[in-house]
Amino acid sequence: MESRVDLFARIRRDARVEGLSIRELARRHGVARPTVRQALAQAEPAARQPRVRTAPRLAVFKSAIDEMLHQDLDAPRKQRHTARRVFARLAEEHGATELSYSTVRDYVRRRRPEIDLEAGRLPEVFVPQEHAPGAEAEVDFGEVWVVLAGVKTK
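Counting in my numbering, the sequence shown runs from 1294 upward without gaps.
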């Protein structure tokens, strides 16, 4: 199937070269006359607007989800809420049986970076490193939080 850009180009070419009417161009290319007019008026089709999806059932629980994500700002990386854990907590603590997992997952995915920016955290940036095979060795150490003498330390 050809793209709309290609279709618009063919319609404009046929109109310019053969001088066909809008009705004939619509018949030949299998599109409506407003589409032909649009193709003749602009070089490229207008960008499609993504449909804004609302989740009215989620509106009641947004503050609870945001609170969980705000708690994660101070938590160690391995102890932060996943979307699955947020969904489970909503079902357990708030009785959110009418929500679907995908609705919660999409909201958490969209909201987590926003909360990080509100807290002043910038996205992590990584610098790619290139080394010859065997030239260097790298060791990654994990993080552990323990309570020693009543003090939480890393």
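By construction, the Cβ of each residue, glycine as well, lies at the ideal position given by its N, Cα and C atoms.
Check: residue i C-beta below 8 Å from any heavy atom of the ligand HEM
{"i": "VAL1324", "result": "No copy of the ligand HEM appears in this structure; indeed no ligand is present at all."}
Rounded separation between residue i and residue j - CA only
{"i": "LEU1410", "j": "VAL1397", "result": "20 Å"}
{"i": "ALA1381", "j": "VAL1353", "result": "16 Å"}
{"i": "PRO1327", "j": "PRO1369", "result": "57 Å"}
{"i": "ALA1376", "j": "GLY1443", "result": "32 Å"}
Same chain, Cβ closer than 7 Å to residue i, five either side skipped, listed in chain order
{"i": "ALA1384", "result": "THR1390"}
{"i": "ARG1405", "result": "LEU1362"}
{"i": "GLU1337", "result": "VAL1298, PHE1301"}
{"i": "ARG1373", "result": "ASP1365"}
{"i": "ALA1357", "result": "LEU1383, HIS1387"}
{"i": "VAL1440", "result": "none"}
{"i": "VAL1315", "result": "For the sequence presented, residue 1315 should be read as Ile rather than Val. Result list for ILE1315: ARG1326, VAL1329, ARG1330, in chain order."}
Pair within 9 Å by beta-carbon distance, residue i and residue j
{"i": "LEU1351", "j": "TYR1400", "result": "yes"}
{"i": "ALA1332", "j": "ARG1305", "result": "yes"}
Same chain only: Cβ atoms within 6 Å of residue i, ignoring 5 sequence neighbours per side
{"i": "GLY1435", "result": "none"}
Residues near residue i by beta carbon distance below 8 Å, same chain, minus five either side
{"i": "PRO1416", "result": "PRO1406, ASP1409"}
{"i": "ALA1428", "result": "none"}
{"i": "ARG1402", "result": "ALA1376"}
Cβ distance (whole Å) where residue i is taken to contact residue j below 8 Å
{"i": "VAL1329", "j": "LEU1318", "result": "5 Å"}
{"i": "ARG1320", "j": "ASP1307", "result": "At roughly 11 Å, the Cβ-Cβ gap does not stay under 8 Å, so ARG1320 and ASP1307 are not in contact."}
Exercise. Which runs of the beta strand (DSSP E) spanning at least 3 residues fall entirely within the segment 1320-1394, listed in chain order?
Worked result: Complete beta strand (DSSP E) runs here, min 3: none at all.
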